[in-house]
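Here's the structure, in structure tokens; my notes come after.
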Amino acid sequence: MSTPPQDDQSEPIRTLEDAAAYLEGLINRERSTGYAYRRLDLRPIEALLEALGRPDESLSIIHVAGSKGKGSTCLFAESLLLGLGEHVGTFTSPHLTSWVERFRIDGRAIDGATLAGAVERIRPIVESLRDGPDETKPSFFDATTAVALLVFADAGVDRVLLEVGLGGRLDSTNAVTPDVTCITSIELEHTDKLGDTEALIAGEKAGILKAGIPGVVGPLRDEAMSVVLTRAAQVGTQLRTFGDDYRIEAGDVPDEALRLDALDGFRVACGLATPGEAARTNASIAVACVRALGVHDDEAVARACRTALAACALPGRIERLPADPTVIVDSAHTARSAAVLAETLATLAPGGFDLVLSVSGDKELDDVLRPLLEASGRGRIVTTRAEPARSLPADWLAKRIDELAERLGMGWGAISPLAIEDPDEAMRVARAQLEPGRMLCAAGSVYLAGIARRVLGGSPVQGGVPRR
Numbered sequence: 189m190s191t192p193p194q195d196d197q198s199e200p201i202r203t204l205e206d207a208a209a210y211l212e213g214l215i216n217r218e219r220s221t222g223y224a225y226r227r228l229d230l231r232p233i234e235a236l237l238e239a240l241g242r243p244d245e246s247l248s249i250i251h252v253a254g255s256k257g258k259g260s261t262c263l264f265a266e267s268l269l270l271g272l273g274e275h276v277g278t279f280t281s282p283h284l285t286s287w288v289e290r291f292r293i294d295g296r297a298i299d300g301a302t303l304a305g306a307v308e309r310i311r312p313i314v315e316s317l318r319d320g321p322d323e324t325k326p327s328f329f330d331a332t333t334a335v336a337l338l339v340f341a342d343a344g345v346d347r348v349l350l351e352v353g354l355g356g357r358l359d360s361t362n363a364v365t366p367d368v369t370c371i372t373s374i375e376l377e378h379t380d381k382l383g384d385t386e387a388l389i390a391g392e393k394a395g396i397l398k399a400g401i402p403g404v405v406g407p408l409r410d411e412a413m414s415v416v417l418t419r420a421a422q423v424g425t426q427l428r429t430f431g432d433d434y435r436i437e438a439g440d441v442p443d444e445a446l447r448l449d450a451l452d453g454f455r456v457a458c459g460l461a462t463p464g465e466a467a468r469t470n471a472s473i474a475v476a477c478v479r480a481l482g483v484h485d486d487e488a489v490a491r492a493c494r495t496a497l498a499a500c501a502l503p504g505r506i507e508r509l510p511a512d513p514t515v516i517v518d519s520a521h522t523a524r525s526a527a528v529l530a531e532t533l534a535t536l537a538p539g540g541f542d543l544v545l546s547v548s549g550d551k552e553l554d555d556v557l558r559p560l561l562e563a564s565g566r567g568r569i570v571t572t573r574a575e576p577a578r579s580l581p582a583d584w585l586a587k588r589i590d591e592l593a594e595r596l597g598m599g600w601g602a603i604s605p606l607a608i609e610d611p612d613e614a615m616r617v618a619r620a621q622l623e624p625g626r627m628l629c630a631a632g633s634v635y636l637a638g639i640a641r642r643v644l645g646g647s648p649v650q651g652g653v654p655r656r
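Per the working numbering, residue 189 is the first one in the sequence shown, and the count goes up by one each step.
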């Protein structure tokens, strides 16, 4: 367990390691399994931002929530805005390999010294608030959100992509007044905090909608869409919805191409560096968000789609590592994202593939595992525990996979899942046992995706494209 930060200003925060240690020492209410979601409060982040002089008020923000796809949508929108010549800040979480990845300016992670300087500036304020009542003590996400907004304001960025951490209504990022809000998707996730139906989860995510501020909504099922539409009507938000106001053109579309058709007549076709339906959907949402800003003509947006958007790489999203044999890394950790990943893998490796899996305890486990097992073609499976605080024990997960495979009539026989608790060792063993020509996929957790990139040689997480 992290040691709580001490009220000791004699040792300034000077390095990335100092900054990470301080932030990680703050209470992480959002991720704690024992903390009631209803106890989250916007007062700490409001107090923190007020004391900093409201850096958010100088920023033009696209605020992005969603069960899946919000990080990808932020990166697609970042690339598109860079292609339009904008100066862009992007805040996403969690990171894959390094803390600084959460804070990006013009498609590149900030340096450790910049992060350390920002954390040192907020530390006295955080410490003074920690002396108050529990409901006003800043959390881990309050502090990281404040750091992001401070860094972006200092840099004088034109636009900010701000990703929600958990839910929306009570998330630290909801203290800002954005120029556009976005809900990418809604499915069952964090049910212990957000609710056990899509309608309840939709209510939390729709909490980011604001009066008079345009909203963009991705493809939602009827139950969730009804909640979002009701909330939009209540607060006075004009929505652009997937399938009605913009859509991916039907027909024989190559797997790595986007063809977007909007109700107002805007149309564009471009390639995408990341394969699959999810990438096309999230790219279309990003285009809708940028167009909702209303500051660029459609011809310029279309040009940026064909250049910048087409070049956007998505670390940890169906990412092919520069390794031999082929290793695919994906952060899929919900039933729907696992199904999308399985469908893409079945195309990339029709003969089957091996798996390294780590899954957290709050998932509908069988629904996450089933599509991956079925697509793997009885490939070898290594289970591991990417994040000790949240991931299921490797041996327990291996046993569950065996039981599910038996029920599906696809038992492994002599080759049962191999449980290796240490994720670094699990990745090395899985790669070593790959047969020639076989593909390996690491999935089930953002944390495992980061470990796989580090152990098996992923490139530094930068992405994006140069500003025009």
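The beta carbon of each residue, even a glycine, is placed where N, CA and C say it ideally should be. In this text the structure is predicted, and so the values were computed from the model without any measurement.
Query	Result
Residue environment, G271, which counts as buried when at least 16 other CB atoms sit within 10 Å	buried
S548 - partner residues in DSSP beta bridges	S579
Through-space distance from E487 to A496, alpha-carbon basis	14 Å
Where C500 falls: helix, strand or coil (DSSP)	coil
Between the CA atoms of E377 and L557 - distance to the nearest angstrom	15 Å
Residues near A618 by beta carbon distance below 7 Å, same chain, minus five either side	D542, V544, V570 and L628
Local Cβ density within 10 Å of R468, reported as buried at 16 or more and exposed below that	buried
L481 and D612 closer than 8 Å at C-beta	no
Secondary structure, beta strand (DSSP E): runs of 3+ residues fully inside the stretch 289-354	291-293 and 347-351
Short Cβ contact (8 Å threshold) for R447 with I436	yes
Cβ distance (whole Å) where R311 is taken to contact I401 below 8 Å	Their Cβ separation, rounded to whole angstroms, is 32 Å, which puts R311 and I401 out of contact at 8 Å.
Assigned secondary structure, L533 (DSSP; H/G/I helix, E/B strand, else coil)	helix
Cβ neighbour criterion (16 or more within 10 Å) applied to M598	exposed
Residue nearest to L230 in terms of C-alpha spacing, selected from A614, P503 and N362	N362
Beta-carbon spacing of K393, G254 below 8 Å	yes
Boundaries (first-last residue) of the beta strand (DSSP E) holding L446	A445 to A450
Length of the line joining the Cα atoms of L382 and V415	14 Å
A637 beta carbon less than 8 Å from that of A607	no
Residue range of the alpha helix (DSSP H) that includes F454	Here F454 belongs to no alpha helix (DSSP H), and DSSP marks it neither H nor E.
Buried versus exposed call for W287 [16 or more other C-beta atoms within 10 Å across all chains shown]	buried
I233 to S525 span [Cα, whole Å]	31 Å
Neighbourhood of P624 by C-beta distance below 8 Å, restricted to the same chain and skipping five residues each side	P513
Which of helix, strand or coil DSSP assigns to G403	strand
G222 to F328 span [Cα, whole Å]	In this predicted model, G222 has a pLDDT of only 48, less than 50, meaning its place in the structure is not dependable; the value taken from the coordinates is given anyway. Answer to the nearest angstrom: the Cα atoms are 15 Å apart.
For V478 and V456, the rounded distance between their alpha carbons	14 Å
Rounded straight-line distance, which links the Cα of S316 to that of E386	39 Å
Among P407, A420 and T418, nearest to D432 - alpha-carbon criterion	P407
Three-state class that DSSP yields for M598 in the structure shown	coil
Boundaries (first-last residue) of the beta strand (DSSP E) holding V252	I249 to A253
Where the beta strand (DSSP E) containing A363 begins and where it ends	Taken as a continuous stretch (DSSP letters only), A363 belongs to no beta strand (DSSP E), as it is neither H nor E.
Member of A631, A412 and L388 whose CA lies at the smallest distance from the CA of T372	A412
Limits of the alpha helix (DSSP H) - the one that I473 falls within	E465 to A480
Per DSSP, cross-strand counterpart(s) of G277	I293 and V348
Reduced DSSP category for T418 - H, G, I as helix; E, B as strand; rest coil	helix
Integer Cβ distance of V252 from E266, believed to fall under 8 Å	Their Cβ separation, rounded to whole angstroms, is 11 Å, which puts V252 and E266 out of contact at 8 Å.
Proximity winner among D555, L237 and Y635, relative to G504 (alpha-carbon distances)	Y635
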